[in-house]
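Letter by letter, the sequence shown follows residues 1 to 617 in full-length UniProt numbering. Backbone N, C-alpha and C fix where the C-beta goes; we use that ideal spot for every residue, glycine too. Accompanying notes for the structure given below.
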Amino acid sequence: MLPFFTEPYPDELVYSMIARYHFYSGNIDCKDTLEEVFQNRSVIPSVEIGSHFDALAHQMGSAYSAEYLLAKHTVYPYYAPFLSEKRQGEILQDVKGDGKGLYTRLGIIAGSICRRKGLYYCPCCAKNDIEKYGEPYIHREHHLQGIDLCPHHGNHLRKYPVVLNTRSRIEFVRFESNKMDLHSIGDNSEEQQLRIAKMAYQLLISKIALSSREQTSSRYRALLRERNYITSANRVRQTDLYQDFNRVYSQKTLKKYQSILIESDEYSWLKVLTRNIERHVHPLRHLLFMDFLNVDYEALLNKNRDNGPFGEGPWPCLNKTASHYKKLVINKVLVSRDSKSGLPIGTFICGCEFVYSRKGPDKIKNDIYDIGRIKRLGSVWMAELNTLAKEGYSLRGMAKNLGVDAKTIKKYLNQQIEAQNEPKATDTLTVQRYRNQLIEGIKAYPNQSRTGIRNLFPSVYMYLYRHDRDFLFYHLPTRRKGVAKGNNVNWKIRDNNYYKAIFNLNNELRKMEKPLRITRSLVGKRLGILTNLEKHIDKLSKTKILLEAVTESTQEFQVRRCCRIIDEHINQFNEVALWKVQRTGAVRSSHFAVIRPVLEEYISQKRKETKHEETSN
């Protein structure tokens, strides 16, 4: 343990703490500082997070731990809510040790956007630090990818005048006030940018254990369901979501945040974020999505996880005549979709035969006590109706006690009067005749199941079901238990067959006059094997390798389509003008700018080949 260490300031990066220690310790060689704080002279300092925290915490004293340093003095909480619980545990082990897998697990390498180089500060924060602590220091909230404003003052962050990559990799930079521009400028920042910055800071100061990628995704679905972006089949309305998102955010804003969306791209970040919890999506994009849903991170944490449009259950019986009225006794809800509004409709069936429905999704707790429509009143309700009628209650009095209107009471009373005046059809001889037909039918078809008997003798079955149900169920064949089918699939043979089919289909698709983008979905639908490609691809090793080779990203497809147009121009001995290629290929200017160098190289190569052929001839 060190005899002294610079006490960490609020939200100070570990990097800054060590830089200040290096200055106050009087060490000349940075390696001496590394050895003192990490017990290791080969550690490479990292601004955003770092490594060897177990050793650092031990040197700082018993008041500190690796977990504390990670949560309070790094940018890690910016990423944590969007990582799985397993990944969170792995990262903690990374920072305790040498940190070799750290940035890959965070997704900083693969999914980084808006990365900045250097150290940044807010002039107002720096002045406050000098007044309070006597010196400025490096704040972690000023070093979040994609965040350009100070969440406390709304100022644009300024770059500290030191270029890190021109100095030694192990040299620590300590903020010095004489090198900083502390003249604050009026807040001209956009409100939207400031909201994003404030939400980012909420991530930093929240407890890491409160959320993970799985919990965050479930809360997103609950919010999407409330806003009618989830179908009754539990799917996200991706087209509606895409269109509404682009109404809220201009293309200029999305371009600034490197988060442009392409509706046809099945792997756009918005679809991945709402569909696939296993893929990494940058925290900045999560913040954009939260802002779109009009919630900040604190509100998201207070949101219950998604349990469907009507919650998790059980649900109350709303039969006013039942002894269990408003008690949570219904354990299952049948969900359908309203054909006009597209909203989910839940149908609730109680054991007292009372059936009601209502539109969802539920937004507040008391929504479970609402009735949209009564579908069936049931025997308990009818018995109470007869009791009240005999006791001489008025129509309005009965309606109040039974929870319906007077017209409904009048309707059912009239039906009972009509039924009493009709001759009885269920006399003893009729019942006996149908009983005999059932027994004879079962003897004639001894191997038939219950469903088979019902299909062979539908009128007999339905009559006895209505008038002598006990007899029917007693004499029907014993209910058969389903037998699970064994897994007899030979995946090796299937893999070879799929490989050949996809190979041939790929050749056909690339020869089509009107080119199509080759995707897993297109291949699967054309061959009728999409389910296996989506759910069992790990069992199809050859198929998986071939699919990865033949399927195209949007950019790859644009290049192939434009190259075909270039070939047509060259074959017709026409001059190749790239603006014509872009127009014919229907490629947006922003996308064409990306693929233009590839096309120019392709044209150059084709011209060389043409000259070589002419020389040879």
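| Item | Value |
| --- | --- |
| Rounded C-alpha distance that separates R520 from A209 | 37 Å |
| Alpha carbon of L334 to alpha carbon of F348, nearest angstrom | 7 Å |
| Among G146, D362, N574, nearest to G313 - alpha-carbon criterion | D362 |
| N304 classed as buried or exposed, judged by whether at least 16 other C-beta atoms fall within 10 angstroms | exposed |
| Bridge-paired residues (DSSP) for T347 | L334, S357 |
| Where N366 falls, given that 16 or more other Cβ within 10 Å makes a residue buried | exposed |
| Coil, strand or helix - R41 by DSSP | coil |
| Buried versus exposed call for G351 [16 or more other C-beta atoms within 10 Å across all chains shown] | exposed |
| Distance between N155 and D181 (C-alpha atoms, nearest Å) | 13 Å |
| Inter-residue spacing [alpha-carbon to alpha-carbon] between E176 and A57 | 26 Å |
| Whole-number beta carbon distance between Y465 and L456, since they are thought to touch under 8 Å | Wrong, their Cβ atoms sit about 15 Å apart, outside the cutoff. |
| Residues sharing a beta bridge with I230, DSSP | V236 |
| Bridge partner(s) assigned by DSSP for R376 | V355 |
| V329, DSSP secondary structure in three states | strand |
| E12 in three-state terms, based on DSSP | strand |
| Neighbourhood of K492 by C-beta, 6 Å cutoff - its chain only, sequence neighbours within 5 removed | none |
| Terminal residues of the alpha helix (DSSP H) in which I493 lies | 491-511 |
| Cβ shell of T321 (< 7 Å), same chain only, five flanking positions each side left out | V380, W381, E384, L402 |
| Host alpha helix (DSSP H) of H286 (start-end) | 283-292 |
| Residue from I205, V95, I453 whose Cα sits closest to the Cα of P10 | I205 |
| Cβ-Cβ separation, V431 to D468 (assumed contact under 8 Å), whole Å | 5 Å |
| Straight-line gap, Y220 to K332 (C-alpha atoms, nearest Å) | 24 Å |
| Identified DSSP bridge partners for K159 | Y120 |
| Inside the region 386-460 only - alpha helix (DSSP H) runs reaching at least 4 residues | 395-402, 406-421, 428-444, 450-456 |
| Validate contact between the region 137-150 and the region 193-202 using beta carbons, cut 8 Å, 3 pairs | yes |
| Same chain only: Cβ atoms within 7 Å of residue 653, ignoring 5 sequence neighbours per side | Since the first residue shown for the chain is 1 and the last is 617, residue 653 is missing from the structure and cannot be characterised. |
| Alpha carbon of G118 to alpha carbon of L301, nearest angstrom | 33 Å |
| Short Cβ contact (9 Å threshold) for I345 with S336 | yes |
| Pick from Y242, S259, E298 that is closest to Q202, judged by C-alpha positions | E298 |
| Pairwise C-alpha distance: N319 and I453 | 36 Å |
| Delimiting residues of the alpha helix (DSSP H) encompassing Y474 | 469-475 |
| Pair within 9 Å by beta-carbon distance, Y160 and K179 | yes |
| Inter-residue spacing [alpha-carbon to alpha-carbon] between L530 and N488 | 20 Å |
| Extent of the continuous alpha helix (DSSP H) to which A299 belongs | 297-301 |
| Distance between beta carbons of F5 and M60, contact taken as under 8 Å | 5 Å |
| Assigned exposure category for Q558 - 16 Cβ within 10 Å defines buried | buried |
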